[in-house]
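Here is the structure we will look at, set down as structure tokens.
Residue numbers (the numbering used here), protein chains in the order written: chain A, 5 to 286; chain B, 5 to 238.
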């Protein structure tokens, strides 16, 4: 029982970090960025290349993961979303195709065999009698720190409030002197950074391979659909629902792990199209 | 040189033209009203001034042309705008809505916020309440308050009384008059409520299907038989 609780908490923290960048884009730009998983993949590979291939300090690798996420996020906004005028269906088709193309690109450069990331933090810890790797614990803790930081950034800074304002009423934001286009660019960069960071930790607790963009994308889509156009709190709560569901099914029926999440997506779509917390808040 | 000069302004939504060669001036420290029915082009006029509609002609604020500039820049130049239907941020607290208004005028936030609270004490009492739960009158207060947070020299208010009770209309009128007289703020309003506009403004312009039909002081317009027939049925 305590095992499930701890594993659930650790997994959910990471899931919340994975989903939050995707939710940000959906709230502000009203489009689903189906290439979001690529941010995680690029983040993971950037970390691998910088810290394991080049042998630079791990912190530089983590920064490279966030950095490439920022570049990729802003590039999608400039080169795909803006020319398509944020029209949701064409953006979704284009970003999904882009994800497949990026996967092929990563295979070309790094090959299609999975890579093993060395733990970012080494060792084992015992938490309430349960043994967990320090790496997994660090991933969850750092996720929490980033999420709390993001919460205060959105609530307490001018740019954060502007992101929130654009997500709720673009005209109201513009006549307050905010340039919605610039805020969109900032949001895509921020989302990319969060995705890239999430990718470093996700890859370090799972594995690094060119198809690794799919699983986080499903998690992120699930959180947005189940949570509704989410508040940060809604995203946290739903990430925990999904995280715990996965840990519980993995403990009792490992064969159907992941399936439950997908069934939950369909169930919520049919029964509560607005999601559990859907109201358009950021 | 007038404070605000609107010169042969035509505005377009796609191919549809909704303003036709509109010209008028607003002097500094004046309250000017543009009246007209639904669809006359009042909101288009306001949206044009703030840079949200494609247009031709000239809109000059103290000689500087606003046409072709983005809204953010026009706000920085000193134009505050309380639009029709308010366009508030529904799931943000009142205080946060006002703080978003201070996005460009960050150095003045403390002073502006105190001034807004003094004008509308209820916005201070309910600072943490979400604006989606407010009444129409309160929403209008937040909207005007948010516009004041931009440190405007020209305040645009689009249909301030729409859907509001007579009592609230009187309060809004008193506040706008106070802003004009005590702070010297130049105000341009649009209205369907002719009596409200006439009681407040020193100059009134009548807009009909995108054309400026007649202009004058409230007294002059009251004396216009044709206009009286059209708007008051007398």
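Quick reminder that beta carbons are idealized off the backbone N, C-alpha and C, glycines included.
is_contact[residue i, chain A] using C-beta, thresh 8 Å
i, result
"residue 110 of chain B", "yes"
"residue 57 of chain B", "no"
"residue 145 of chain B", "no"
"residue 202 of chain B", "no"
"residue 138 of chain B", "no"
"residue 7 of chain B", "no"
"residue 192 of chain B", "no"
"residue 103 of chain B", "yes"
"residue 125 of chain B", "no"
"residue 93 of chain B", "yes"
"residue 154 of chain B", "yes"
"residue 76 of chain B", "yes"
"residue 38 of chain B", "no"
Within-8 Å CB hit, residue i to chain B
i, result
"residue 24 of chain A", "no"
"residue 37 of chain A", "no"
"residue 180 of chain A", "yes"
"residue 173 of chain A", "yes"
"residue 31 of chain A", "no"
"residue 176 of chain A", "yes"
"residue 90 of chain A", "no"
"residue 285 of chain A", "Note that residue 285 of chain A has pLDDT 47, beneath the 50 cutoff, so the model's placement of it is unreliable and the number below is only indicative. True, the Cβ-Cβ gap to chain B drops below 8 Å."
"residue 165 of chain A", "yes"
"residue 188 of chain A", "no"
"residue 162 of chain A", "yes"
"residue 224 of chain A", "no"
"residue 168 of chain A", "yes"
"residue 128 of chain A", "no"
Among the options, the one whose alpha carbon lies nearest that of residue i
i, options, result
"residue 225 of chain A", "A:270, A:191, A:193 and A:201", "A:270"
"residue 239 of chain B", "B:71, B:143 and B:200", "In the structure as shown, chain B starts at 5 and stops at 238, and residue 239 of chain B therefore has no counterpart that could be examined."
"residue 212 of chain A", "A:42, A:130, A:168 and A:151", "A:42"
"residue 68 of chain B", "B:56, B:225, B:10 and B:148", "B:10"
"residue 120 of chain B", "B:164, B:183, B:60 and B:83", "B:183"
"residue 123 of chain B", "B:80, B:180 and B:174", "B:180"
"residue 130 of chain A", "A:261, A:267, A:273 and A:7", "A:7"
"residue 92 of chain B", "B:141, B:33, B:41 and B:212", "B:141"
"residue 72 of chain A", "A:202, A:158 and A:244", "A:202"
"residue 89 of chain B", "B:163, B:234 and B:200", "B:163"
"residue 141 of chain A", "A:128, A:158 and A:243", "A:128"
"residue 106 of chain A", "A:134, A:126, A:40 and A:174", "A:40"
"residue 13 of chain B", "B:212, B:24 and B:5", "B:24"
"residue 221 of chain B", "B:231, B:208, B:232 and B:227", "B:208"
"residue 60 of chain B", "B:105, B:75, B:22 and B:76", "B:22"
"residue 228 of chain A", "A:244, A:261 and A:167", "A:244"
"residue 33 of chain B", "B:191, B:225 and B:226", "B:191"
"residue 198 of chain A", "A:125, A:256, A:9 and A:25", "A:25"
As assigned by DSSP and simplified to three states, the class of residue i
i, result
"residue 206 of chain B", "coil"
"residue 281 of chain A", "coil"
"residue 25 of chain B", "strand"
"residue 128 of chain A", "strand"
"residue 34 of chain A", "coil"
"residue 58 of chain B", "strand"
"residue 212 of chain A", "strand"
"residue 20 of chain B", "strand"
"residue 86 of chain A", "coil"
"residue 63 of chain B", "strand"
"residue 286 of chain A", "Low local confidence applies: a pLDDT of 43 at residue 286 of chain A is under 50, so the model's placement there is unreliable, with the coordinate-based value given in what follows. Residue 286 of chain A: coil per DSSP, three-state reduction."
"residue 10 of chain A", "helix"
"residue 23 of chain A", "helix"
Where the alpha helix (DSSP H) through residue i begins and ends
i, result
"residue 51 of chain A", "40-51"
"residue 239 of chain A", "236-256"
"residue 15 of chain B", "Segment 8-17 is the beta strand (DSSP E) holding residue 15 of chain B; no alpha helix (DSSP H) there."
"residue 261 of chain A", "Unbroken run through residue 261 of chain A: none, as it is neither H nor E."
"residue 51 of chain B", "46-53"
"residue 114 of chain A", "92-114"
"residue 224 of chain A", "218-231"
"residue 123 of chain A", "Neither: residue 123 of chain A is in no alpha helix (DSSP H) and is coded neither H nor E."
"residue 43 of chain B", "Residue 43 of chain B -> no alpha helix (DSSP H), and no H or E assigned at all."
"residue 116 of chain B", "113-123"
"residue 66 of chain A", "62-80"
Start and end residues, beta strand (DSSP E) containing residue i
i, result
"residue 135 of chain A", "134-137"
"residue 162 of chain A", "Not the beta strand (DSSP E): residue 162 of chain A falls in the alpha helix (DSSP H), residues 162-172."
"residue 38 of chain B", "35-39"
Every unbroken beta strand (DSSP E) within the region 66-111 of chain B, with a cutoff of 3 residues, ordered by chain: Counting whole runs of 3 or more residues, the region 66-111 of chain B contains the beta strand (DSSP E) stretches 83-86.
Beta strand (DSSP E) runs contained entirely in the region 143-230 of chain B, provided each spans 3 or more residues: Fully enclosed beta strand (DSSP E) runs of no fewer than 3 residues occupy 158-162, 190-195, 207-212 and 215-220 of the region 143-230 of chain B, in order along the chain.
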